[in-house]
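Undergrad: Provided herewith is a single structure, encoded as structure tokens, for subsequent inquiry.
What follows is the structure, given as structure tokens:
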């Protein structure tokens with residue numbers, strides 16, 4: 155993923171997911187504009203940096219509403235929060251419960267962390283078909299753990 159907004163446009167559903175959390179876009183809420191040569195110029199400054207803590211909730215909003223986080227959604231979030239798309243992509247791909255590719259409506263995440271492996275003997279190589287290996291799901295005291303979305 156590059157540092158400029160290149161391709162991909164958010165669809166209506168993705169825009170609604172972002173706007174439901176951040177409010178409707180306005181001229182002052184967009185931190186990115188284009189100069190006369192078409193280069194992206196950041197204009198949001200301090201006011202947008204104060205919104206940076208909303209990145210994860212915004213990604214959750216899109217993921218919950220659409221099922222995955224597309225490049226178009228990343229671009230729209232980038233424009234709204236003035237965060238580089240590459241940084242947003244890095245956050246979105248770091249967490250196993252987010253995906254940047256379309257997924258089926260029903261997802262089965264199986265914890266493959268140490269406590270769950272010890273309790274079940276299940277590893278990434280022995281997962282049931284269609285299951286998504288996930289690092290710790292945060293329920294180690296009740297291992298093994300599975301999350302169905």
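Residue numbers (the working numbering): 155 to 303.
Glycine included, each C-beta is placed from N, C-alpha and C at the ideal position.
Because the structure is a prediction, the values reported are computed rather than measured.
Assess, as a yes-or-no matter, whether the segment 206-213 is touched by the segment 263-282 under the definition of 3 or more beta carbon pairs within less than 8 Å.
TA: no
Undergrad: Hey, is residue 301 close to the ligand ATP, as in C-beta under 7 Å from one of its heavy atoms?
TA: Questions concerning the ligand ATP fall outside what the structure shown contains, since it holds no ligand whatsoever.
Undergrad: Measure the beta-carbon distance from residue 171 to residue 219 and round it to whole angstroms, keeping in mind my assumption that it falls under 8 Å.
TA: Here residue 171 is taken as the residue at index 17 of the chain shown, counted from 1. Here residue 219 is taken as the residue at index 65 of the chain shown, counted from 1. So it is a contact: roughly 4 Å between Cβ atoms.
Undergrad: To the nearest angstrom, how far is it from the Cα of residue 291 to the Cα of residue 272?
TA: Looking up residue 291 in the chain shown gives position 137. Looking up residue 272 in the chain shown gives position 118. In a straight line, the C-alpha of residue 291 is about 15 Å away from that of residue 272.
Undergrad: I'd like to confirm the pairing. Which residues does DSSP put opposite residue 266 in its beta bridges?
TA: One-based indexing of the chain shown puts residue 266 at position 112. In the DSSP output, where bridge partners are listed per residue, residue 266 has none listed.
Undergrad: Of all the options 178, 286 and 296, which has the alpha carbon lying nearest to the alpha carbon of residue 231?
TA: Within the chain shown, numbered from 1, the residue matching residue 231 stands at position 77. Minimum Cα distance to residue 231 is reached at 178.
Undergrad: From the DSSP output, read off the bridge partner residues of residue 302.
TA: Position 148 of the chain shown, counting from 1, holds the residue named residue 302. DSSP output for residue 302 lists 262 as bridge partner(s).
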